[in-house]
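Numbers 121 to 453, taken from the working numbering, label the letters of the sequence shown in order.
Glycine included, C-beta positions come from ideal geometry on N, C-alpha and C.
Nothing here was measured: the structure is a model prediction, and the numbers come from that model.
Working notes for the structure below.
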Amino acid sequence: MVLKYLLVLLSDSSVSFCYEPTHAKEKHDMISLENLKNTVVFALKNNLKVNFLLPDFTLDASYYACMEEIGHVKIVPFHSHPITDDAIYVIDSNRFPKSEELVNYTQQNFIVKLHKKHLKKWAAFLKILLPCSARINLVLMDLEHYDESDYTIYEKQLEKISNDLIHSPSQNTVPELNFLTDRMDLDQMNNCQAGLQHLTVAPNGKMYLCPAFYREDPSDDLGEIRTDIDIKNARLLELKYAPICRVCDAFHCKRCVYLNKKLTNEINTPSSQQCISAHIERDASRKLLEKLQKIHTQFKWDKSIPQLDYRDPFEIVKGNPQKISEINLTFQK
């Protein structure tokens with residue numbers, strides 16, 4: 121484990137920015153100022169970057185002063201914080217902003233938590249958000265409940281988005297979209313890396329693999345803040361111990377260890393929902409890349425994304441030990 125940064129939940133009510141569900145909190149349990157100071161000192165001593173996850177209410181001035189002692193990024197709920205350069209804004213599709221609420225945002229970074237019930241509106245939502253965005257990270261909520269009809273809807277939404285990008289007046293400056301453009305630039309896995317490159321400090325002052333593990337079960341902690349964290353079966357977090365993922369080229373896939381454990385009970389084994397959605401995105405990226413290369417020869421993307429005849433790699437190896445052997449031999453080479 122080579123830590124690069126920390127995620128710090130300042131409150132039990134801090135914004136949720138990934139797959140973990142949000143729960144309404146009547147109490148605003150805060151990290152103690154002492155624990156926050158210890159976290160900042162730990163990060164400074166170990167040259168770690170820090171992402172602070174803020175709640176939707178104003179903190180005591182002493183907390184902001186402590187945060188300013190280290191370079192950081194704030195991850196904040198969209199509707200409750202002013203526009204600043206050091207913030208990533210989390211938008212929940214249950215309260216998607218109207219165009220007039222975005223007029224003062226320029227080249228901002230957003231995270232969008234898209235609920236299944238809003239899947240058909242994604243292209244329309246995105247069209248409003250694109251003009252003021254530098255980067256948009258999409259999180260497909262309720263992914264464990266997706267079925268074939270949802271995948272079909274998602275494919276059609278990505279096709280609409282791609283067409284919008286192709287015909288946009290500003291098509292020479294396509295914003296970064298984790299679900300569509302990231303794969304164009306990647307030549308190796310670029311997953312979440314929870315437990316490998318980053319850990320989470322929760323309001324109780326203890327460390328976790330990621331915020332979802334704290335919110336799911338606060339007793340599932342890794343102990344106090346220190347460098348010699350003992351993660352049970354830590355090797356399983358590494359790509360080389362994931363026999364399918366290590367030879368997959370859906371390089372942008374998050375490989376969310378929380379979803380892995382929740383849906384397959386294996387921290388290094390993705391569910392079919394993760395694999396299928398990632399491959400749908402991969403194919404949409406392939407098609408968009410080919411269109412951009414035909415229209416704009418000056419685009420930097422001089423690579424290609426091979427076309428595949430499957431969406432779930434596990435379907436290939438299911439009941440076929442020979443295929444599993446071939447995958448292992450490929451890795452060994």
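Within 10 angstroms of the Cβ of residue i, are there 16 or more other Cβ atoms? Answer buried if so, exposed if not.
i: Asn167; result: exposed
i: Val128; result: buried
i: Glu401; result: buried
i: Ser269; result: exposed
i: Phe177; result: exposed
i: Ala332; result: buried
i: Val294; result: buried
i: Pro426; result: exposed
i: Asn385; result: exposed
i: Ala370; result: buried
Using C-beta distances below 8 Å, list every residue in its chain close to residue i, excluding the 5 sequence neighbours before and after it, in chain order.
i: Ile190; result: Val160, Ala163, Leu164 and Val170
i: Asn353; result: Ile387
i: Phe230; result: Phe198, Ile208, Tyr209, Val210, Ile211, Leu249, Ser253, Arg255, Ile256 and Asn257
i: Ala322; result: Leu129, Ile151, Tyr328, Pro331, Tyr334, Pro338 and Asp341
i: Ile349; result: Met121, Leu319, Met327, Leu342 and Gly343
i: Ile351; result: Met121, Gly315, Leu329, Leu342 and Leu357
Check whether the Cβ atoms of residue i and residue j sit closer than 8 Å, and answer yes or no.
i: Arg375; j: Pro390; result: yes
i: Ser253; j: Gln277; result: no
i: Leu409; j: Met261; result: no
i: Tyr328; j: Glu140; result: no
i: Ile256; j: Leu297; result: yes
i: Phe172; j: His192; result: yes
i: Lys236; j: His265; result: yes
i: Leu246; j: Leu222; result: no
i: Leu306; j: Gln394; result: no
i: Ile286; j: Ile396; result: no
i: Ser213; j: Val232; result: yes
I need the straight-line Cα distance from residue i to residue j, nearest angstrom please.
i: Thr272; j: Asn324; result: 42 Å
i: Phe451; j: Cys368; result: Because the pLDDT at Phe451 is just 41, under 50, the model does not fix this residue reliably, and the value given afterwards should be weighed accordingly. Taking the straight line joining both Cα atoms gives about 11 Å.
i: Val135; j: Ser392; result: 27 Å
i: Leu357; j: Lys124; result: 16 Å
i: Ile203; j: Tyr225; result: 7 Å
i: Pro197; j: Ser424; result: 37 Å
i: Asp403; j: Asn158; result: 45 Å
i: Leu428; j: Leu300; result: 16 Å
i: Tyr183; j: Leu153; result: 7 Å
i: Leu234; j: Met187; result: 30 Å
i: Arg283; j: Lys194; result: Per the sequence shown, the amino acid found at residue 283 is Asn instead of Arg. So the alpha carbons of these two residues sit roughly 33 Å apart.
i: Tyr209; j: Arg335; result: 20 Å
i: Ala398; j: Gly315; result: 21 Å
i: Asn380; j: Tyr274; result: 21 Å
i: Tyr361; j: Leu126; result: 24 Å
i: Ile436; j: Tyr430; result: 8 Å
i: Asp267; j: Lys241; result: 18 Å
i: Leu412; j: Arg406; result: 10 Å
i: Pro251; j: Pro217; result: 13 Å
i: Cys312; j: Asp206; result: 21 Å
i: Asp149; j: Leu383; result: 29 Å
Give me, in chain order, the residues of the same chain whose beta-carbon lies closer than 6 Å to that of residue i; leave out the 5 immediate sequence neighbours on both sides.
i: Lys302; result: Going by the sequence as given, residue 302 is Asp instead of Lys. Closer than 6 Å at Cβ, skipping near neighbours: His372.
i: Val175; result: The identity of residue 175 in the sequence shown is Pro, whereas the question assumes Val. For Pro175, where only same-chain residues beyond five positions count, the Cβ hits under 6 Å are Ser131, Ser133 and Ser134.
i: Lys280; result: Ala243
i: Phe137; result: Ile195, Val210 and Ile231
i: Gln317; result: Lys124
I need the DSSP call for residue i, collapsed to helix, strand or coil.
i: Glu189; result: coil
i: Leu126; result: strand
i: Met121; result: coil
i: Ile345; result: coil
i: His238; result: helix
i: Met327; result: strand
i: Ala404; result: helix
i: Gln427; result: coil
i: Ser131; result: strand
i: Gln180; result: In the sequence as displayed, the identity of residue 180 is Asp instead of Gln. Coil at Asp180, not helix or strand.
i: Arg375; result: coil
i: Ile203; result: coil
i: Ser253; result: strand
i: Asp476; result: This structure leaves residue 476 out entirely; the chain is present only between 121 and 453.
i: Leu174; result: coil
Take residue i and list the residues in its own chain whose beta-carbon comes closer than 7 Å to its own, dropping the five residues that flank it on each side.
i: Leu359; result: Met309, Cys365 and Arg366
i: Tyr155; result: Looking at the sequence shown, residue 155 is not Tyr but Asn. Only Gly325 meet the Cβ criterion.
i: Asn448; result: Note that Asn448 has pLDDT 48, beneath the 50 cutoff, so the model's placement of it is unreliable and no number is given.
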